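Novice:
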Amino acid sequence: MNPTHPRPTRLAALTGRCLCGAVTITVTGEHEEQVGACHCRMCQRWSGGLFLCFEAEASAVTVNGEVTRYRSSSFAERAFCPRCGSHLWFGDLAQDGEPRGYELTPGLFDAARHWPLRSELYADRAMDSVRLAGEHRRQTQAEYEAANPFVNRP
Ligand SMILES: [Zn+2]
Ligand SMILES: [Zn+2]
Numbered sequence: 001m002n003p004t005h006p007r008p009t010r011l012a013a014l015t016g017r018c019l020c021g022a023v024t025i026t027v028t029g030e031h032e033e034q035v036g037a038c039h040c041r042m043c044q045r046w047s048g049g050l051f052l053c054f055e056a057e058a059s060a061v062t063v064n065g066e067v068t069r070y071r072s073s074s075f076a077e078r079a080f081c082p083r084c085g086s087h088l089w090f091g092d093l094a095q096d097g098e099p100r101g102y103e104l105t106p107g108l109f110d111a112a113r114h115w116p117l118r119s120e121l122y123a124d125r126a127m128d129s130v131r132l133a134g135e136h137r138r139q140t141q142a143e144y145e146a147a148n149p150f151v152n153r154p
């Protein structure tokens, strides 16, 4: 979400799966070991209230099983298992229509259960029922959209 933000990474392989097991995702290269949260209106609708993710290089991610990819904006997609509905990733798209990187949902991966929260986007837009405590980085809607003007592209 913010490529300039320093973050701990690990090269150990990770494997995750959706609720029904039809989709498995393996991460074999560089990825974060911390979690970002987004409270934007699109993420609230898609996730049911709060979207969580961790970043992985496109070349590091292998997906097995059928996936439905929804083009949620001009520059990004959201993917889910067509059988059980588990959310798999958000991805900014390159010119060829493939993700330039993955923001994978941590709940798929047992290894992610104890990773810390790194940041909150749209922190001022959080639902009243979803308030995240702690000293992590926070950006308001105005701050995030000023730094990322493409998010308002129609
Ligand atoms: Zn599934
Ligand atoms: Zn969002």
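So that you can map any letter, position 117 of the sequence shown is 117 in full-length UniProt numbering, and since no number is skipped, the others follow by simple counting. Ideal placement from N, C-alpha and C gives every residue a C-beta, glycine not left out. As the structure is a prediction and not an experimental result, all values here were calculated from the model.
1) Name the DSSP beta bridge partners of ASP128, please?
2) Would you check if the segment 116 to 124 and the segment 62 to 81 touch, i.e. whether three or more CB-CB distances between them fall below 8 Å?
3) Give a yes or no on whether the C-beta atoms belonging to GLU103 and GLU55 are separated by under 8 Å.
4) DSSP three-state call for SER72: helix, strand or coil?
5) Specify the secondary structure class of GLY107 as computed by DSSP and reduced to three states.
6) Is it true that the CB of ALA112 sits closer than 8 Å to the CB of VAL35?
7) Alpha carbon to alpha carbon, what distance is there between PRO106 and THR24?
8) CB-CB under 6 Å to ARG138, same chain, minus the five flanking residues each way: which ones, in chain order?
9) Note down the Cα distance separating ASP128 from GLU135, rounded to an integer number of angstroms.
10) Is HIS136 helix, strand or coil when you go by DSSP?
11) Measuring only from the beta carbon, is LEU19 closer than 7 Å to any heavy atom that is part of ligand 2?
Specialist: So, from the listed chains and residues:
1) Looking up residue 128 in the sequence shown gives position 128. In the DSSP output, where bridge partners are listed per residue, ASP128 has none listed.
2) Between the segment 62 to 81 and the segment 116 to 124, the count of C-beta pairs closer than 8 Å stays below three; the two stretches do not touch.
3) Numbered from its first residue, the sequence shown carries residue 103 at position 103. Numbered from its first residue, the sequence shown carries residue 55 at position 55. In this structure, GLU55 lies closer than 8 Å to GLU103 by Cβ.
4) Counting from 1 along the sequence shown, the entry for residue 72 is found at position 72. SER72: coil per DSSP, three-state reduction.
5) Position 107 of the sequence shown, counted from the first residue, corresponds to residue 107. If DSSP states are grouped into helix, strand and coil, GLY107 belongs with the helices.
6) Along the sequence shown, one-based indexing puts residue 35 at 35. Along the sequence shown, one-based indexing puts residue 112 at 112. Contact flag set, yes.
7) In the sequence shown, residue 24 corresponds to position 24, counting from 1. In the sequence shown, residue 106 corresponds to position 106, counting from 1. Whole-angstrom Cα-Cα distance: 13 Å.
8) Residue numbering aside, residue 138 sits at position 138 when the sequence shown is read from its first letter. So the qualifying residues of the chain are GLU120 and ALA123.
9) By 1-based counting over the sequence shown, the position of residue 128 is 128. By 1-based counting over the sequence shown, the position of residue 135 is 135. Using only the alpha carbons, I get a separation of about 19 Å.
10) Position 136 of the sequence shown holds residue 136. In the three-state reduction of the DSSP assignment, HIS136 falls in the coil class.
11) Locating residue 19 in the sequence shown gives position 19, counting from the first residue. No, the Cβ of LEU19 stays beyond 7 Å of every heavy atom of ligand 2.
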